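**Q**
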Amino acid sequence: MPKTYFNYIGGKWGKAKNAGTFEDRNPADTRDLIGTFPQSGPEDVEAAYRVAESAYDAWRLTPPPMRGEIILKAGLLLKKRKEELAQVMTREMGKVLKESRGDVQEAVDMAYYAAGEGRRLLGHTTTSELKNKFAMSMRMPIGVCGLITPWNFPVAIPSWKIFPALICGNTVVFKPAEDTPLCASLFVEIMEEAGLPGGVLNMVHGGPQAGRAVVRHPKIRLISFTGSSEVGAEVAEYCGRALKRCSLEMGGKNAQVVMADADFDLALEGALWGAFGTTGQRCTATSRIYVEKKIFERFRKALVRGARAIRIGNGLKPGVQMGPLVNQDQLRRVQGYVRAGIEEGAKLECGGRIAKKSGLERGWFHEPTIFAKTHPDMKIMREEIFGPVTCLVPVRSLEEAIHQVNNTSYGLSSSLYSRDVNRAMRAIRDIEAGITYINGPTIGAEVHLPFGGVKKTGNGHREAGETALDIFSEWKSVFIDYSGRLQKAQIDVD
Ligand code: NAD
44 MPKTYFNYIG
54 GKWGKAKNAG
64 TFEDRNPADT
74 RDLIGTFPQS
84 GPEDVEAAYR
94 VAESAYDAWR
104 LTPPPMRGEI
114 ILKAGLLLKK
124 RKEELAQVMT
134 REMGKVLKES
144 RGDVQEAVDM
154 AYYAAGEGRR
164 LLGHTTTSEL
174 KNKFAMSMRM
184 PIGVCGLITP
194 WNFPVAIPSW
204 KIFPALICGN
214 TVVFKPAEDT
224 PLCASLFVEI
234 MEEAGLPGGV
244 LNMVHGGPQA
254 GRAVVRHPKI
264 RLISFTGSSE
274 VGAEVAEYCG
284 RALKRCSLEM
294 GGKNAQVVMA
304 DADFDLALEG
314 ALWGAFGTTG
324 QRCTATSRIY
334 VEKKIFERFR
344 KALVRGARAI
354 RIGNGLKPGV
364 QMGPLVNQDQ
374 LRRVQGYVRA
384 GIEEGAKLEC
394 GGRIAKKSGL
404 ERGWFHEPTI
414 FAKTHPDMKI
424 MREEIFGPVT
434 CLVPVRSLEE
444 AIHQVNNTSY
454 GLSSSLYSRD
464 VNRAMRAIRD
474 IEAGITYING
484 PTIGAEVHLP
494 FGGVKKTGNG
504 HREAGETALD
514 IFSEWKSVFI
524 DYSGRLQKAQ
534 IDVD
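Quick note, the sequence shown lines up with residues 44 to 537 if you use the working numbering.
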């Protein structure tokens, strides 16, 4: 019997108020029903908000090193249960087991990093323009935060939001993705086991209705959202009007550049991993590859050969290199882009079809797909596909490549393969993106560096690293006057 799972509000597991549910199925074999989960609405969000609000003062006043200790324990538990979580993740959203393990490891890393911040959360002490006056700045928590996450990193992305939010002293209403609710439930279970007091972290399952209720709750002070640019724009619009703090991490149209002087095999390996890892369902996936003309033909042939050799299947099986897409809508979306590419005149070099091999009939599998002879105005060159589809483009020079890389409305990740340090430095300086890799693929972030992008990818915030603290805390400037008299800044200075 598939299990029934619950929301987590005020330290208790329970149904949605309207008792509605939704199903969670394995995208590699849709006969495999993983469980049913509550379809939450505004009344559940309201209940979660109320307990988060009442837990806020006690949590805010808990010394940060003690908050950090709980997060550290959660990190150790995540590490201990890494294999179990990875198995659930692959079953729930399809990526191959090795990648699922990496996803859990990222959450472990984030726990260790955030726990350490419990003994830092540094502000500044500084000088004053007046005598006998002391000045400093310090971080303050914000209040109840609403965190909304996607399914492609179902443990890592929640950890990127929940740990920094908690270490800063906030309480949380968490709305995970409806395609990966079990990963989210296990994450919350681990937080409970680590000793997090009831009410500090609350989870409401469900889809857009629940997400919208979190965004529109008048007293939830901050929204941290990761997902598509379309939904992000709606979130930003609402938050803008309500003057609510809002951080957005959205789509990408990431590019890899390969110069003729590059290590050819390394660049090829990077392109295959960047384009087809996680079945292309990464915000940092490589969806455009610009190759210097001199080596274009050789690179094209090798990339097509590599893509054709990728073993597709259930990510739990040893030897499988690429799992299914997460759901039927994603499969339709990818197929729609393949059709658009062909209709607009691009050349399909390989793939392009729903994968039909025996054993794949019950899942949402798609072949690794490469287009060439594209034009920058084509849909496949402009829009985020979020599937195993990439476009190959010849370029004459680094300057032309950088111009093309920047010719997009997104700006998350980018990569250059070259052995020439001068070219590398120019790419680092001139590519408009939040992340640039030299001699590495467009994927591979680490938790202690800022993560996010420019243009339509984000709204100026950066997750991870110390910059995550700027999302989840407010700055306060403090002045202590010990002169015993009224001193007037800017006036008593002569
Ligand atoms: P999505 O925008 O459909 O959903 C993201 C989350 O928002 C889900 O929890 C969903 O239930 C919720 N949601 C949907 N509609 C909502 C609404 N109107 N109001 C509030 N919440 C709503 O995205 P997805 O399909 O889950 O994820 C894929 C997208 O996420 C891609 O565009 C990808 O690039 C992006 N992504 C970005 C990053 C990053 O850090 N930049 C990381 C991972 C994924």
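Backbone N, C-alpha and C fix where the C-beta goes; we use that ideal spot for every residue, glycine too.
These figures come from a predicted structure and were not determined experimentally.
Could you pull the start and end residues of the alpha helix (DSSP H) that D473 belongs to?
**A** V464 to D473
**Q** Going along the chain, which residues of its own chain have a beta-carbon closer than 6 Å to the beta-carbon of E392, five neighbours each way excluded?
**A** V347, I413 and A415
**Q** How is the alpha helix (DSSP H) around E312 delimited, first residue to last?
**A** For E312, the enclosing alpha helix (DSSP H) stretches over residues F307 to F319.
**Q** Can you tell me which residues form a DSSP beta bridge with I481?
**A** L459
**Q** For L115, name the three-state secondary structure that DSSP assigns.
**A** helix
**Q** Can at least three beta-carbon pairs, one atom from the region 102 to 120 and one from the region 147 to 167, be found at a separation below 8 Å?
**A** yes
**Q** What number of angstroms, rounded off, separates the C-alpha of A352 from the C-alpha of A314?
**A** For A352 and A314, the distance between alpha carbons rounds to 14 Å.
**Q** Quick one: grab the DSSP three-state call for M293.
**A** coil
**Q** Indicate, with yes or no, if the ligand NAD has a heavy atom lying under 8 Å from the CB of D463.
**A** no
**Q** I'd like the ranges of any alpha helix (DSSP H) spanning at least 4 consecutive residues and lying wholly in the region 124 to 199.
**A** Entirely contained in the region 124 to 199, the alpha helix (DSSP H) runs reaching 4 residues are, in chain order, 125 to 136 and 140 to 160.
**Q** Reducing DSSP to helix, strand and coil, say where E66 ends up.
**A** strand
**Q** Check D75 in the structure and name its three-state DSSP category.
**A** strand
**Q** How big is the Cα-Cα spacing for F342 and I266?
**A** Pairing F342 with I266, the inter-Cα distance amounts to about 43 Å.
**Q** Taking the alpha carbon of G402 as the reference point, which residue from Y460, G356 and S330 has its own alpha carbon closest?
**A** G356
**Q** Looking at the unbroken beta strand (DSSP E) that takes in Y51, where does it start and where does it end?
**A** N50 to I52
**Q** Would Y460 and Q299 qualify as a contact pair, given that the criterion is a beta-carbon distance under 9 Å?
**A** yes
**Q** Alpha carbon to alpha carbon, how far is Q82 from A253?
**A** 8 Å
**Q** So, using beta-carbon positions, are T47 and T79 closer together than 9 Å?
**A** Using a Cβ distance threshold of 9 Å, T47 and T79 count as a contacting pair.
**Q** What separation, rounded to the nearest whole angstrom, lies between the Cα atoms of S440 and V258?
**A** 46 Å
**Q** What number of angstroms, rounded off, separates the C-alpha of A220 from the C-alpha of D535?
**A** A220 and D535 have their C-alpha atoms roughly 57 Å apart.
**Q** Relative to the alpha-carbon of P201, which residue among D87, A178 and I233 has its alpha-carbon at the smallest distance?
**A** I233
**Q** How long is the line joining the alpha carbons of A350 and P251, rounded to whole angstroms?
**A** 35 Å
**Q** From G137, R144, A62 and S458, pick the residue whose C-alpha is nearest to that of M365; which is it?
**A** G137
**Q** Could you tell me whether the Cβ atoms of K174 and V151 are closer together than 9 Å?
**A** no
**Q** So, are the CB atoms of L368 and P70 less than 9 Å apart?
**A** yes
**Q** Throw me the rounded Cβ distance for the A129 and L140 pair, which I believe falls under 8 Å.
**A** 6 Å
**Q** Using only the alpha-carbon positions, how far apart do N502 and C226 sit?
**A** Cα to Cα, N502 sits roughly 27 Å from C226.
**Q** For C326 versus L455, is the C-beta spacing smaller than 9 Å?
**A** Yes; because the gap between Cβ atoms is below 9 Å, this pair is in contact.
**Q** Starting from K46, follow its DSSP beta bridges and name the residues at the other end.
**A** G78
**Q** Is the beta carbon of G320 closer than 9 Å to that of S330?
**A** no
**Q** Is any heavy atom of the ligand NAD found at a distance shorter than 8 Å from the C-beta of C188?
**A** no
**Q** Per DSSP, what are the beta-bridge partners of S267 in this structure?
**A** L190 and S290
**Q** Could you tell me the distance, in whole angstroms, from the CA atom of E410 to the CA atom of R396?
**A** 6 Å
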